[in-house]
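Asker: Heads up: the sequence lines are chains U and A, in that order.
47 is the number of the first residue of the first sequence in the working numbering; add one for each residue after it.
18 is the number of the first residue of the second sequence in the working numbering; add one for each residue after it.
C-beta atoms are modelled at their ideal positions from N, C-alpha and C, and glycine is treated no differently.
Owing to the predicted nature of the structure, the values given are computational and were not obtained by experimental measurement.
Have a look at the structure that comes next, please.
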Amino acid sequence: MNRITLTLALLLVGGVAVSSFAEVHPGTEYIEKNGYNGPETCEECHPGTAAKFLETVHWKHASKVTNVDNLDPHKEYGMKNRIYTMCNGNDVVNNLKEIPKSPETGKSKFSGCNTCHPGNHLSDVGSTGPEAEKAIDCLVCHSSDYDYRNLKPFKDEQGRIVMGQDRSVKAAMSVGKPSTKNCMTCHEAAGGGVLVKRGFMLSKKTDVHAANGMVCVDCHKSKDHKIPTGFDPNNWANDGVRISCADCHSDQPHKDAAYNRHTAKIACQTCHIPRTGGAVAKDFTKWEQSSDKFYEPATLKKEANETVPVYAWYNKTVANEPHFIGPKGSRKDGKSKIYPFKIFLGKAYYNAKDGQLLAMDFAPPMSNGDTLAGVASAAKTLGIKDYKPVPGWQTIYFGSNHMVTKEKALNCINCHAINGVIPFRELGYKDTEIKRLTNPDIYFRKMLKKQEEDW
Amino acid sequence: MKKFLSIAALCVFFAATLFFVTGTAQADEIKMVGVITVIELAGKDATTATVTLKDNKTGENVVITINDELTLDKLKDHRIALDDEIRCKYKVIDGKNVSSYFRKTAGC
């Protein structure tokens with residue numbers, strides 16, 4: 047018995063040692079000896095990687111987009127240049143800058159959408175060439191010991207605004223596969239605060255994948271830094287590679303044949319992501335003053351798991367109108383499935399002359415609350431001379447693709463009931479179908495058996 | 018008589034336990050928004066930290082105890098730092114203001 051215990055213990059210790067060893071990135075001895083000099087050091091072992099990285103969405107903040115209406119197929123779109131009401135600014139009109147001094151405090155601060163760009167701002171979103179390659183902040187994504195005090199804008203001796211980086215040997219010595227923390231450095235506080243934009247928290251408590259020790263890049267597995275994404279109607283830029291639940295789970299993932307039959311018309315997310323969260327609405331036309339006397343857009347927000355999703359047919363193509371960004375699809379097109387969405391409404395200024403949504407430079411309103419000055423500044427940057435700003439609302443459907451649950455997944459009773467979560471009528475079902483689909487007869491015995499097993 | 022006293026003592030013990038346990042569990046959650054003025058963290062392996070927040074509404078300093086792993090990690094690598102404005106919920110447990118929610122208000 048003791049011998050068996052000892053053997054198991056040794057195997058366990060050995061396993062832990064091997065797995066720990068496997069996590070140590072090769073080349074740390076070189077870094078310790080030669081110091082860390084940014085991408086040049088990384089390129090010693092990964093030649094050509096920096097140049098390839100410049101071609102990705104993480105660097106360009108844009109790509110060609112083929113599944114969204116009313117876009118020019120020859121142009122690239124993304125947070126670099128998009129105009130919508132979750133952000134209303136973008137990298138172009140709301141470029142990182144020192145905002146005008148607050149009239150109340152006389153203080154200024156740095157602000158801009160491209161603070162979440164892995165360059166140094168001198169080599170900015172979409173820049174190319176050797177200087178851009180040298181400017182890449184490899185460690186912000188790959189170091190587990192990054193000192194975030196360095197990751198902030200400052201003015202250099204020439205008065206240029208530079209985005210700081212941690213290029214210390216200490217940070218470089220802990221280089222490796224990005225952890226959830228690395229990804230959430232930028233993705234957590236997008237849209238104006240923690241969990242505001244997408245409203246999901248990838249933690250052991252809230253996501254079955256995280257509970258099983260998985261991190262973001264276990265699903266979003268990249269090749270040449272091209273990171274696969276799903277088809278969130280509001281997330282347009284992509285690296286041309288996609289992921290879906292079925293990549294790992296197949297399209298017949300359940301032991302129960304009845305559940306498997308659902309996968310033809312019901313997306314996995316519909317049952318396995320029963321809640322969403324984050325910002326519900328924002329008003330960019332009237333900003334609120336914060337304790338530091340600067341202004342921020344007024345935002346109504348909920349916690350990560352507090353909001354019931356909206357369900358709609360989605361064939362992975364997107365309606366893109368000035369007042370609506372959301373899923374296209376129908377019950378009868380043969381391509382759509384029912385998906386859950388986080389719904390969001392944003393108020394901003396539209397151009398009464400052509401009905402288009404106007405963008406905003408955040409610097410003026412952040413300083414003194416003057417939102418129309420922000421619109422004027424953005425219009426000037428974009429060369430728009432003939433405009434008349436009028437407030438209006440835009441509805442946006444966000445994909446709900448995280449916070450996956452197995453235990454709290456919807457079951458027959460949640461949907462197939464008169465007060466069930468699926469709005470059958472709105473989804474195109476006839477009254478006779480609805481009567482049948484919401485009658486317990488279709489699942490009564492099966493759920494009764496499960497109920498008995500549970501107790 | 019001895020038996021009666023023992024039962025009475027047991028009852029008192031259980032009543033006291035119930036009072037303290039429920040008293041702790043039902044402590045009111047307090048919400049505040051404030052700016053970090055002090056961070057006290059005992060090294061990289063610390064399992065707890067205290068952060069002083071200056072309450073935006075009252076101007077008073079409130080010392081918050083942080084025990085959760087994610088916030089501790091953010092304090093250690095300075096994702097949360099001095100002068101950051103924080104939205105915080107805490108409960109008073111054993112005389113300490115123990116955080117249950119501690120997030121920066123700012124985003125991009």
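(1) Can you name the start and end residues of the beta strand (DSSP E) that ILE83/A belongs to?
(2) Closer than 8 angstroms is the cut-off here; do at least three beta carbon pairs connect the stretch 165-173 of chain U with the stretch 181-195 of chain U?
(3) Note down the Cα distance separating GLY239/U from TRP501/U, rounded to an integer number of angstroms.
(4) What are the partner residues of GLU46/A, as DSSP defines its beta bridges?
(5) List the residues of chain A whose Cβ lies closer than 8 angstroms to the Cβ of ARG195/U, in chain order.
(6) Quick one, are the C-beta atoms of ILE47/A and VAL68/A less than 7 angstroms apart?
(7) Using a 10 Å radius around the Cβ and a threshold of 16 neighbouring Cβ atoms, would you call THR64/A buried or exposed?
(8) Assuming HIS271/U and THR87/U make a contact with CB atoms under 8 angstroms, what is their CB distance in whole Å?
(9) Is any beta-carbon of chain A found at less than 7 angstroms from that of VAL287/U?
(10) Select from CYS91/U, ASN83/U, THR131/U and VAL70/U the residue whose C-alpha is nearest the C-alpha of ILE371/U.
(11) For ALA42/A, which residues in the same chain have their Cβ closer than 7 angstroms to its Cβ, ignoring the five residues on either side in sequence?
(12) Classify PHE67/U: buried if its beta carbon has 16 or more other beta carbons within 10 angstroms, exposed otherwise.
(13) What does GLY124/A reach in chain U if we use C-beta pairs closer than 7 angstroms?
(14) Can you tell me whether THR231/U is buried or exposed? The criterion is at least 16 other CB atoms within 10 Å of its CB, across all chains shown.
(15) Return the CA-CA distance between ASN457/U and GLU499/U, expressed in angstroms with no decimal places.
(16) Closer than 7 angstroms, CB to CB, is CYS162/U near chain A or not?
(17) What is the C-beta distance between THR88/A and LYS71/A, in whole angstroms, given that I count them as a contact (C-beta under 8 angstroms)?
(18) Kindly give me the distance between the Cβ atoms of PHE246/U and GLY323/U, rounded to whole angstroms, as I take these residues to be in contact under 8 angstroms.
(19) Can you list, in chain order, the residues of its chain whose CB lies under 8 angstroms from that of VAL50/A, leaving out five sequence neighbours each side?
(20) If you draw a straight line from the C-alpha of LEU346/U to the C-alpha of VAL70/U, how long is it?
(21) Check whether the stretch 315-331 of chain U touches the stretch 374-394 of chain U, counting contact only when three or more Cβ pairs, one atom from each stretch, lie closer than 8 angstroms.
(22) Counting along the chain, where does the alpha helix (DSSP H) carrying GLU75/U start and finish?
(23) Quick check on ASN84/A - is its C-beta less than 7 angstroms from some C-beta in chain U?
(24) Determine the contact status of LYS108/A and ALA44/A, defining contact as a CB-CB distance below 7 angstroms.
(25) Which chain D residues are close to LYS106/A, counting only those with a beta carbon under 8 angstroms from its beta carbon?
(26) Per DSSP, what are the beta-bridge partners of VAL356/U in this structure?
(27) Taking buried to mean at least 16 other C-beta atoms within 10 Å of its own C-beta, is ILE464/U buried or exposed?
(28) Report the neighbours of ASP111/A on chain U: residues whose CB is nearer than 9 angstroms to its CB, in chain order.
(29) Taking C-beta pairs closer than 9 angstroms, name the residues in chain U that ASP90/A reaches, listed in chain order.
(30) Is ASN366/U helix, strand or coil by DSSP?
(31) Does any residue of chain A have a CB that is nearer than 7 angstroms to the CB of PHE67/U?
(32) For the candidate residues LEU99/A, LEU92/A and ASP85/A, whose alpha-carbon lies nearest to that of LYS251/U?
(33) Are ILE442/U and ASN280/U touching if we call contact CB-CB under 7 angstroms?
(34) Would you mind sorting MET342/U into buried or exposed? The rule is 16 or more other CB atoms within 10 Å of its CB.
(35) Buried or exposed: which applies to THR39/A, given that a residue is buried once 16 or more other Cβ atoms fall within 10 Å of its Cβ?
(36) Runs of 4 residues minimum, wholly inside the stretch 230-295 of chain U: which ones carry the alpha helix (DSSP H) assignment?
Answerer: In short:
(1) The continuous beta strand (DSSP E) containing ILE83/A extends over residues 78-83.
(2) Flag = yes, the stretch 165-173 of chain U and the stretch 181-195 of chain U touch.
(3) Put simply, the backbone Cα of GLY239/U is about 42 angstroms away from that of TRP501/U.
(4) Answer is LYS108/A, bridged to GLU46/A.
(5) In chain order: HIS95 and ALA98.
(6) With contacts defined by Cβ atoms closer than 7 angstroms, ILE47/A and VAL68/A do not form a contacting pair.
(7) Result: exposed.
(8) Contact between HIS271/U and THR87/U is ruled out by a C-beta separation of about 17 angstroms, above the 8 angstroms threshold.
(9) False, the Cβ-Cβ gap to chain A never drops below 7 angstroms.
(10) The option with the nearest alpha carbon to ILE371/U is THR131/U.
(11) Because the pLDDT at ALA42/A is just 48, under 50, the model does not fix this residue reliably, and the value given afterwards should be weighed accordingly. The beta carbon of ALA42/A sits closer than 7 angstroms to no other beta carbon from its chain once the five residues preceding and following it are set aside.
(12) Note that PHE67/U scores 40 on pLDDT, short of 50, meaning its location in the model is unreliable and no value can be drawn from it.
(13) Among the residues of chain U, those whose CB is under 7 angstroms from the CB of GLY124/A are ALA235, ALA236, GLY237, GLY238, GLY239, VAL240 and VAL242, following chain order.
(14) With 16 or more other Cβ atoms within 10 Å, it is buried.
(15) Their backbone Cα atoms lie some 15 angstroms apart in a straight line.
(16) Chain A, which has a Cβ nearer than 7 angstroms to the Cβ of CYS162/U, makes this yes.
(17) Contact annotation, THR88/A with LYS71/A: C-beta distance approximately 18 angstroms; criterion of less than 8 angstroms not satisfied.
(18) Between GLY323/U and PHE246/U the Cβ distance is about 7 angstroms, and since that is below 8 angstroms, they are a contact.
(19) Setting aside the 5 residues that flank it on each side, VAL50/A is surrounded in the same chain by ASP72, ASN73, LYS74, GLU102, ILE103, ARG104, CYS105 and THR122, each with a C-beta closer than 8 angstroms to its C-beta; the list follows chain order.
(20) Just so you know, the alpha carbons of LEU346/U and VAL70/U end up roughly 43 angstroms apart.
(21) Contact check between the stretch 315-331 of chain U and the stretch 374-394 of chain U: three or more CB pairs, one atom from each, fall below 8 angstroms, which counts as touching.
(22) Its alpha helix (DSSP H) spans residues 74-80.
(23) No - not a single Cβ of chain U is within 7 angstroms of the one on ASN84/A.
(24) Yes, these two residues count as a Cβ contact at 7 angstroms.
(25) In summary, chain D is missing from the structure at hand, where the protein chains are U and A.
(26) PHE387/U.
(27) Burial call: exposed.
(28) Going along chain U, no residue has its Cβ under 9 angstroms from ASP111/A, so there is no contact; the nearest lies around 24 angstroms.
(29) Chain order gives the chain U residues near ASP90/A as LYS227, where near means a beta carbon separation below 9 angstroms.
(30) In the structure shown, ASN366/U sits in a strand (DSSP, three-state: E or B).
(31) Any reading at PHE67/U is ruled out, since the residue's pLDDT is 40, under 50, leaving its predicted position unreliable.
(32) Checking every option, the nearest Cα to that of LYS251/U belongs to ASP85/A.
(33) For ILE442/U and ASN280/U, yes; Cβs fall inside 7 angstroms.
(34) At residue 342/U the sequence reads Glu, which differs from the Met that was named. Buried, by the Cβ-count rule.
(35) Because THR39/A carries a pLDDT of 45, less than 50, the predicted location of this residue cannot be relied on, and the following value inherits that uncertainty. With fewer than 16 other Cβ atoms within 10 Å, it is exposed.
(36) Complete alpha helix (DSSP H) runs here, min 4: 254-257, 262-265 and 292-295.
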